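Listed in order, the protein sequences are those of chains A and B.
1 is the number of the first residue of the first sequence in the working numbering; add one for each residue after it.
1001 is the number of the first residue of the second sequence in the working numbering; add one for each residue after it.
All C-beta atoms, glycine included, are put in the ideal place defined by N, C-alpha and C.
It should be emphasised that the depicted structure is a prediction, and the values quoted were computed from it without experimental measurement.
Contents: one structure, followed by commentary.
There are 2 protein chains.
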Amino acid sequence: MPRVYQTRQQKAVQKLFSARPEDCLTAEEAYDQLTIAGMEVGKTTVYRAITRLLEQGLLRRYAAQDSSEAASYQYNPCVDSHLHIRCMDCGVLEHLHCDEVEHFSAHLAHHHGFTLDEGQTMLYGLCKACQGKQQEKK
Amino acid sequence: MPRVYQTRQQKAVQKLFSARPEDCLTAEEAYDQLTIAGMEVGKTTVYRAITRLLEQGLLRRYAAQDSSEAASYQYNPCVDSHLHIRCMDCGVLEHLHCDEVEHFSAHLAHHHGFTLDEGQTMLYGLCKACQGKQQEKK
DNA sequence: CTAAGTGCAAAATGTTTGCATACTT
DNA sequence: AAGTATGCAAACATTTTGCACTTAG
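Here it is as structure tokens:
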């Protein structure tokens, strides 16, 4: 792994993500944010910076649910790895800090020989609010 | 929802997926399979047939892990919905038929107000074989 | 000074759309 | 006959790459 130079642009991208560990941003959104902030970072550079951060394990990547939508990225403080759940209707992202997850993960390891990567996994379903909405429709 | 005509092509695509409910195929792969089988179905038509099957709930869609990789689709016999786990190293797909999943899902519903959609969710991690490989590398 | 990063334009990829034609019902 | 599907080519959106130039270490 080649060394990572601390350029103005690289620092700007990392800072953007690390400043909001709760948020998921697409490359485009990150680019826009930087532009608004007057940071002058090329879009290509944003992509390359993100790639570098992924390699360093500082970002996690979430594939889009629908096709032809962009992937999003989130700051990944290694210490606090946890599952995320995404509502398929409203798109809200929730962070699952919960012992039950550890229990389930342990079960997978023991009974299925599978080591769950919480950082890479996104659970999909419906949040409380959207379950209500779905029922109204019926 | 408009009615779905049973064309030669539509039937061919559905048959392809339903014949192998264990397999995940990308649109491209489906197209290739059909072409090899001499079915003469256009790629556009494959995409449109897949879209229709998704709308009907007969197919589930899995977003690609790495960027610039294609999404894959799998036949979805509604009755037997279950979680899937994918090895990030070798790519193997395992089907999780397990009471623990129901237990975890129930927990999510009760304590987090979140209804898990097992069909849409893919767990990522490392399978037994690849955990061994990872350790050797160190 | 050298390895690494930048930014533009162009390519690549997966997917969707416009449209004239053909098929189902 | 009306509604839907097909297939081609072209459009699209996201992401990557080639290349000449700049910057960090």
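| Item | Value |
| --- | --- |
| Interface flag, residue 1067 (chain B) vs chain A, CB-CB below 9 Å | yes |
| Among B:1022, B:1017, B:1088, the one whose alpha carbon lies nearest that of residue 1028 (chain B) | B:1017 |
| Residues in the stretch 8-26 of chain A having any Cβ partner in chain B nearer than 9 Å | none |
| CA nearest to the CA of residue 1040 (chain B), picked from B:1084, B:1101, B:1007, B:1074 | B:1007 |
| Coarse secondary structure for residue 33 (chain A), derived from DSSP in three states | helix |
| Nearest to residue 49 (chain A) (by Cα), restricted to the options A:31, A:132, A:99 | A:31 |
| Closer than 7 Å at the beta carbon, the chain B residues around residue 116 (chain A) | 1123, 1125 |
| Residue 74 (chain A) - partner residues in DSSP beta bridges | A:60 |
| Any C-beta of chain B under 9 Å from that of residue 108 (chain A) | yes |
| Separation of residue 1107 (chain B) from residue 1101 (chain B), as counted between CA atoms | 10 Å |
| Secondary structure of residue 52 (chain A), DSSP reduced to three states | helix |
| With 16 other Cβ atoms within 10 Å as the buried cut-off, status of residue 1085 (chain B) | buried |
| Cα-Cα separation between residue 79 (chain A) and residue 118 (chain A), rounded to whole angstroms | Its pLDDT being 46, under 50, residue 79 (chain A) is placed unreliably by the model, and the measurement read from it follows with that caveat. Rounded to the nearest angstrom, the two C-alpha atoms are 12 Å apart. |
| Residue from B:1126, B:1105, B:1045 whose Cα sits closest to the Cα of residue 112 (chain A) | B:1126 |
| Under 7 Å from the C-beta of residue 1088 (chain B): neighbouring residues of chain A | 117, 120 |
| Pairwise C-alpha distance: residue 1047 (chain B) and residue 1056 (chain B) | 14 Å |
| Residue nearest to residue 75 (chain A) in terms of C-alpha spacing, selected from A:109, A:38, A:93, A:19 | A:19 |
| Chain-order list of residues whose beta-carbon lies under 7 Å from that of residue 1116 (chain B) (same chain, five-residue window excluded) | 1105, 1108 |
| Residue 1086 (chain B) - partner residues in DSSP beta bridges | B:1093, B:1124 |
| Residue 1044 (chain B) versus residue 61 (chain A) - alpha carbon distance | 29 Å |
| Status (buried if at least 16 other CB within 10 Å, exposed otherwise) for residue 90 (chain A) | exposed |
| is_contact[residue 1037 (chain B), chain A] using C-beta, thresh 9 Å | no |
| For residue 100 (chain A), the first and last residue of its enclosing alpha helix (DSSP H) | 99-112 |
| Listed by chain order, chain B residues near residue 128 (chain A) by CB distance under 9 Å | 1112, 1113, 1114, 1115 |
| Cβ shell of residue 4 (chain A) (< 8 Å), same chain only, five flanking positions each side left out | 10, 52, 56 |
| Under 7 Å from the C-beta of residue 1206 (chain B): neighbouring residues of chain A | Outside the shown range of chain B, which is 1001 to 1138, sits residue 1206 (chain B), and nothing can be said about it. |
| Buried or exposed by the 16-neighbour rule on C-beta atoms within 10 Å, applied to residue 1013 (chain B) | buried |
| Per-residue DSSP class, three states only, for residue 1044 (chain B) | helix |
| CB contact below 9 Å: residue 1103 (chain B) versus chain A | yes |
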